[in-house]
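Student: Offset between the sequence shown (1-based) and our numbering: plus 8.
We put the beta carbon where it would ideally sit given N, CA and C, even for glycine.
In this text the structure is predicted, and so the values were computed from the model without any measurement.
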Amino acid sequence: MSFVETKGVVKRKCNNKENLCFTHINMITTNTHPQRFHLLSFWDLPDYMKDNEYILRYYRANWPLKHALFSLFRWHNETLNVWTHLIGFFLFLALTLANLMKPRVADLLDLFTRSLSSSAEKNVSHSIKDLVLGTTLLFDLKNQVPLTVELESTATVIARWPFFVFLGGSMFCLLSSSICHLFCCHSRDLNLFLWRIDYVGIVVMIITSFFPQIYYVFLCEPHWQIIYLAGITAMGLFTIATMLSPTLSTGKYRAFRAMLFCSMGLFGIVPAIHACFVNWGNPRRNITLGYECTMALSYLTGTLFYVTRIPERWKPGWFDLAGHSHQIFHALVVVGALSHYAATLQMLDWRDSHGCDMFL
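#1: Does the beta-carbon distance from isoleucine 166 to aspartate 360 come in below 7 Å?
#2: Does leucine 94 pass the burial test, meaning 16 or more other C-beta atoms within 10 Å, or should it be called exposed?
#3: Considering only the alpha carbon of each residue, which of Tyr349, Leu329 and Val173 lies closest to serine 49?
#4: Can you tell me where the alpha helix (DSSP H) holding glycine 331 begins and where it ends?
#5: Going by DSSP in three states, leucine 64 sits in which element: helix, strand or coil?
#6: Three-state secondary structure (DSSP) at leucine 48?
#7: Out of Leu252, Phe275, Gly276 and Glu86, which one is the CA nearest neighbour of arginine 265?
#8: In angstroms with no decimal places, state the Cα-to-Cα distance between alanine 350 and asparagine 287.
#9: Quick check on this structure: which residue in Leu101, His332 and Ile277 has the alpha carbon closest to the alpha carbon of asparagine 85?
#10: Less than 7 Å between the C-beta atoms of phenylalanine 98 and serine 178, yes or no?
#11: Under 7 Å between the Cβ atoms of glutamine 335 and asparagine 60?
#12: What number of angstroms, rounded off, separates the C-alpha of phenylalanine 201 from the C-alpha of cysteine 193?
#13: DSSP three-state call for aspartate 206: helix, strand or coil?
#14: Give me, in chain order, the residues of the same chain whose beta-carbon lies closer than 7 Å to that of lysine 137; leave out the 5 immediate sequence neighbours on both sides.
#15: Tell me whether cysteine 193 sits in a helix, a strand or coil according to DSSP, three-state version.
#16: Checking 7 Å against the spacing of the C-beta atoms, do isoleucine 240 and valine 211 come in under that value?
#17: Rounded to the nearest angstrom, how far is the Cβ of threonine 296 from that of phenylalanine 269, given a contact under 8 Å?
#18: Thinking just about the alpha-carbon of each residue, which of Glu229, Phe285 and Tyr207 is nearest to the one in threonine 250?
#19: Can you find at least 3 beta carbon pairs, one from the region 338-352 and one from the region 273-288, that sit closer than 8 Å?
#20: With DSSP collapsed to three states, give me the class of isoleucine 281.
#21: Using the three-state DSSP reduction, which class does aspartate 357 fall into: helix, strand or coil?
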């Protein structure tokens, strides 16, 4: 920024609740670039944007959408919030495309159609041979190659849709979060709308994270699949309905939102314990469990940072650009999602090898 004239008025701002005082400098400037939107201090923000009083500077407020978009490449206190989840989104997009291009997934339909074609050709050739030789039997059942034998190779290719449901939910959460943090500075109405979408994205990610593990662990017991997936989906829909309330989207209810998210996550303890018994003989159980524990620890630790607003509450103003609680929360969400992805690959690979031919 370049200025022709700058005048400073120093004020003393005190937060009685935290017994903290900050020096606030109101800058009166004459700018050589009048069209450029400048970063503000916490006290200059409109009330609807005052969420974290420990982040003191580098705010954007009432910016046009175009300027908000290009602020993706400027330093402000939301820059790392945007980029942590935007990078996470592209990472999961790459993982999704890589899995879609795997031969066993892409060629499943081709394998099935070739099996049908091969079996049909054999049946037709045998029938023609019998007619030419004057055989009285229409079919020699002993020599026919049954269709079920041809399809055995497809039996161990387990359905991938729960896996891609998880990937889709993760991408939705990460992208909606990035968009929210990038454009929440535009206006009050858009700010409230985007924060609600951001919270919905978190719920969607939690719900879809349950799908692959429950589906593959209880593949041979579909009634448990239905019970657990219906339970977490019902909890998720209730939480989404709650999150869509404008009042509950404000900073005042930060702890309440965190409690709802944790409650959904803790619901997973029941199927997790059940899964440990079901998978007692699975040699990959400990590896999968380790990944899932890493995921749970990442999410819970991130939520703790989110609620307590550590470390910025210890040193207000020191972590305005980098290192504040929301950025740590974002990074740990990506770590947790990647750990869950690794656990899902372990379970999926094992299911492809064994199917339901043995009790897990």
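Tutor: Taking the geometry as given:
#1: yes
#2: buried
#3: Leu329
#4: Run containing glycine 331: none; DSSP gives neither H nor E here.
#5: coil
#6: strand
#7: Leu252
#8: 17 Å
#9: His332
#10: Contact check for phenylalanine 98 against serine 178 fails: the beta carbons are separated by 7 Å or more.
#11: With respect to asparagine 60, glutamine 335 sits apart: the two C-beta atoms are not nearer than 7 Å.
#12: 12 Å
#13: helix
#14: Legend: pLDDT at lysine 137 = 48, less than 50; position of this residue unreliable, value from coordinates given subsequently. Cβ neighbours of lysine 137 beyond the five flanking positions: none.
#15: coil
#16: no
#17: The Cβ separation is near 23 Å, so there is no contact.
#18: Tyr207
#19: no
#20: helix
#21: helix
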